[in-house]
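Here the structure comes first, spelled out in structure tokens, and everything after it is commentary.
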Ligand SMILES: Nc1ncnc2c1ncn2[C@@H]1O[C@H](COP(=O)(O)OP(=O)(O)O)[C@@H](O)[C@H]1O
Ligand SMILES: [Mg+2]
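In structure tokens form, the structure reads like this:
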């Protein structure tokens, strides 16, 4: 895979931040009137940083990730992805930006069950910007080999184990060489040994590509491997742990 030094995508962007949320609010109607899911979130993630988002179930983690990735729109506030204001783009514009820059991994894999592993990994190449030089098929096969699944490329996704499905999902997320990867509890549906192997791969691929990583996780081991930890409580950011705090030992760890 192409490293950042060889000309990764981040170099094209003038903004120091990969993603920057400012006064982000998500409010949805509910039977009692309205529910505030996210309450004035400010979060700036530098290019190349790895960030763990932690918090109790229902604290707003998935909603925040969806907004940062441009899968959803905020009620108020802005999200800038590589300097581009997502709230100023329409759905097509956001889709275009996602296809070029963003990878996403979900807890429940989100593969197309009746497509093969190879077809699943090729999908983002077929709908995204054309890849230079190599065909989508060659590139997808390389990624499947990278996650140890070259022998499974012709198997339908539904016939694969959970761990294999998540490795296909990782290959699909990285095949476009995204500048940022968002992962929402990527090991939440896996046993701990299988989950650990998936996490190792995710960090490895991320490091090779020099991409930014924002991962929602309940796993302290995953959080400790990130350069920064952010905790959400009832839609607000409570506290953050950074590399400096981690090294210094005096700040709270998360
Ligand atoms: N579209 C929606 N409509 C109503 N409530 C929602 C919607 N999306 C999320 N919620 C609620 O917002 C809260 C936060 O959800 P979520 O972001 O999924 O939390 P987490 O990922 O931290 O578990 C939950 O109480 C959830 O039920
Ligand atoms: Mg969630």
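Residue numbers (this note's numbering): 26 to 279. Heads up, the beta-carbon is just placed ideally off N, CA and C, and yes, glycines get one too. Quick caveat, the model's predicted, so the values are computed rather than measured.
Proximity test, residue i beta-carbon vs ligand 1 heavy atom, cut-off 7 Å
{"i": "residue 84", "result": "yes"}
{"i": "residue 57", "result": "no"}
{"i": "residue 52", "result": "no"}
{"i": "residue 60", "result": "yes"}
{"i": "residue 80", "result": "yes"}
Cα-Cα separation between residue i and residue j, rounded to whole angstroms
{"i": "residue 50", "j": "residue 44", "result": "16 Å"}
{"i": "residue 137", "j": "residue 169", "result": "16 Å"}
{"i": "residue 258", "j": "residue 46", "result": "17 Å"}
{"i": "residue 97", "j": "residue 171", "result": "31 Å"}
{"i": "residue 102", "j": "residue 65", "result": "8 Å"}
{"i": "residue 124", "j": "residue 205", "result": "11 Å"}
{"i": "residue 268", "j": "residue 239", "result": "Since pLDDT at residue 268 reaches only 46, below the 50 mark, its modelled position is unreliable, and the value read off the structure follows with that caveat. Using only the alpha carbons, I get a separation of about 15 Å."}
{"i": "residue 242", "j": "residue 79", "result": "6 Å"}
{"i": "residue 235", "j": "residue 56", "result": "45 Å"}
{"i": "residue 126", "j": "residue 218", "result": "30 Å"}
{"i": "residue 41", "j": "residue 233", "result": "20 Å"}
{"i": "residue 135", "j": "residue 187", "result": "11 Å"}
{"i": "residue 180", "j": "residue 144", "result": "10 Å"}
{"i": "residue 59", "j": "residue 73", "result": "37 Å"}
{"i": "residue 161", "j": "residue 119", "result": "22 Å"}
{"i": "residue 229", "j": "residue 252", "result": "14 Å"}
{"i": "residue 184", "j": "residue 216", "result": "18 Å"}
{"i": "residue 262", "j": "residue 95", "result": "19 Å"}
{"i": "residue 139", "j": "residue 264", "result": "43 Å"}
{"i": "residue 61", "j": "residue 105", "result": "21 Å"}
{"i": "residue 260", "j": "residue 152", "result": "34 Å"}
{"i": "residue 148", "j": "residue 197", "result": "8 Å"}
{"i": "residue 48", "j": "residue 192", "result": "35 Å"}
Segment limits, alpha helix (DSSP H) that includes residue i
{"i": "residue 223", "result": "217–234"}
{"i": "residue 245", "result": "245–250"}
{"i": "residue 193", "result": "187–199"}
{"i": "residue 209", "result": "Segment 205–209 is the beta strand (DSSP E) holding residue 209; no alpha helix (DSSP H) there."}
Rounded Cβ spacing between residue i and residue j (contact assumed at less than 8 Å)
{"i": "residue 201", "j": "residue 178", "result": "The Cβ separation is near 18 Å, so there is no contact."}
{"i": "residue 75", "j": "residue 231", "result": "7 Å"}
{"i": "residue 210", "j": "residue 132", "result": "4 Å"}
{"i": "residue 207", "j": "residue 129", "result": "5 Å"}
{"i": "residue 85", "j": "residue 63", "result": "5 Å"}
Closer than 7 Å: residue i CB and nearest ligand 2 heavy atom
{"i": "residue 256", "result": "no"}
{"i": "residue 210", "result": "yes"}
{"i": "residue 87", "result": "yes"}
Residue span of the beta strand (DSSP E) that contains residue i, given as start and end
{"i": "residue 140", "result": "From DSSP, residue 140 is part of no beta strand (DSSP E); its letter is neither H nor E."}
{"i": "residue 163", "result": "Looking at the DSSP string, residue 163 is not in any beta strand (DSSP E); the run it does join, the alpha helix (DSSP H), is 161–171."}
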